[in-house]
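A.B. asks:
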Amino acid sequence: MKGRTFRRMMAVVKPFERYAPDLDAYHRRARTGPCFVCGIVARDPGLPAHHVVYEDEDVIAFFNRWPTQYGYTLVAPKEHREQATEDFTVEEYLGLQRVVYRVAEAVREEVGAERVYILSLGSNEGNAHVHWHVVPLPPGVPYEEQQFAALMLETAGALDIPEEEKASLAARIGGRVWRG
Ligand SMILES: [Zn+2]
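Residue numbers for the sequence shown follow the working numbering, beginning at 123 and rising by one.
(1) Of all the options 195, 207, 209, which has the alpha carbon lying nearest to the alpha carbon of residue 238?
(2) Report, in whole angstroms, the separation of the C-beta atoms of residue 240 and residue 263, which I expect to be a contact under 8 Å.
(3) Answer with buried or exposed for residue 249, where buried requires no fewer than 16 other C-beta atoms within 10 angstroms of its C-beta.
(4) Which residues in the same chain have their Cβ closer than 6 Å to the Cβ of residue 172, if we skip the five residues on either side of it in sequence?
(5) According to DSSP, is residue 217 helix, strand or coil?
(6) How is residue 169 classed by DSSP in three states: helix, strand or coil?
(7) Going by other Cβ atoms of all chains shown within 10 Å of its Cβ, with 16 needed for buried, is residue 302 buried or exposed?
(8) Would a C-beta distance cut-off of 8 Å place residue 245 and residue 254 closer than the cut-off?
(9) Take residue 174 and list the residues in its own chain whose beta-carbon comes closer than 6 Å to its own, dropping the five residues that flank it on each side.
(10) Flag this pair as touching only if the stretch 271-283 and the stretch 137-144 have three or more C-beta atom pairs under 8 Å; answer yes or no.
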């Protein structure tokens with residue numbers, strides 16, 4: 123899986139290889155496995171290690187395990203809630219978005235993003251625990267490889283970032299969130 127797109131994106135991001143994760147296994151887990159966000163909050167030893175960037179009483183932020191971009195972070199309420207707006211009061215929602223803002227600024231500053239994409243996806247059938255994707259777009263990515271193409275594993279592949287590097291980046295971003 124070393125198409126032209128991957129090579130071009132690699133040149134402008136970081137010197138990490140990109141690879142194609144097993145998307146069938148990913149979707150199977152997302153649709154039939156236990157809630158992965160609740161698992162991370164509970165530090166479920168059965169889950170692979172996740173790099174937590176920030177955590178407070180109500181909110182947790184951690185790295186996407188299959189990052190299409192360097193610094194790809196997810197922000198979620200620690201309680202299992204599913205609907206992005208319906209399951210929150212306005213005050214709860216704004217409290218959560220305050221953390222999304224701080225995480226986005228920390229990520230942007232740390233990795234030097236040209237844009238930061240922020241969106242909530244999920245489905246009632248899989249990845250139901252609501253979370254916000256905070257995704258930095260590095261400078262220099264060709265227009266046709268920005269936006270959704272830069273987010274999706276199907277088009278961008280996953281960056282193969284060593285665990286030590288993820289831990290270091292999580293600490294650097296986390297430090298900025300706390301200071302912010
Ligand atoms: Zn959950």
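All residues carry an ideal CB built from backbone N, CA and C; glycine is no exception.
Given the structure is predicted, the values throughout are model-derived calculations rather than measurements.
C.D. replies: On the basis of the data shown:
(1) Within the sequence shown, the letter at position 116 stands for residue 238. Closest option to residue 238, Cα to Cα, is 195.
(2) Taking the sequence shown and counting its residues from 1, the one referred to as residue 240 is at position 118. Taking the sequence shown and counting its residues from 1, the one referred to as residue 263 is at position 141. At roughly 17 Å, the Cβ-Cβ gap does not stay under 8 Å, so residue 240 and residue 263 are not in contact.
(3) On the sequence shown, residue 249 is found 127 positions in, with the first residue counted as 1. So residue 249 ends up on the buried side.
(4) Stepping through the sequence shown from its first residue, residue 172 is reached at position 50. Only 162, 184 meet the Cβ criterion.
(5) Locating residue 217 in the sequence shown gives position 95, where the first residue counts as 1. Correct three-state label for residue 217: helix.
(6) As a working note, residue 169 is residue 47 in the sequence shown. In the structure shown, the three-state DSSP call for residue 169 is coil.
(7) Stepping through the sequence shown from its first residue, residue 302 is reached at position 180. The residue is exposed, with fewer than 16 neighbouring Cβ atoms inside 10 Å.
(8) Against the sequence shown, residue 245 aligns to sequence position 123. Against the sequence shown, residue 254 aligns to sequence position 132. In this structure, residue 254 does not lie closer than 8 Å to residue 245 by Cβ.
(9) Within the sequence shown, numbered from 1, the residue matching residue 174 stands at position 52. Same-chain partners within the cutoff: 184.
(10) yes
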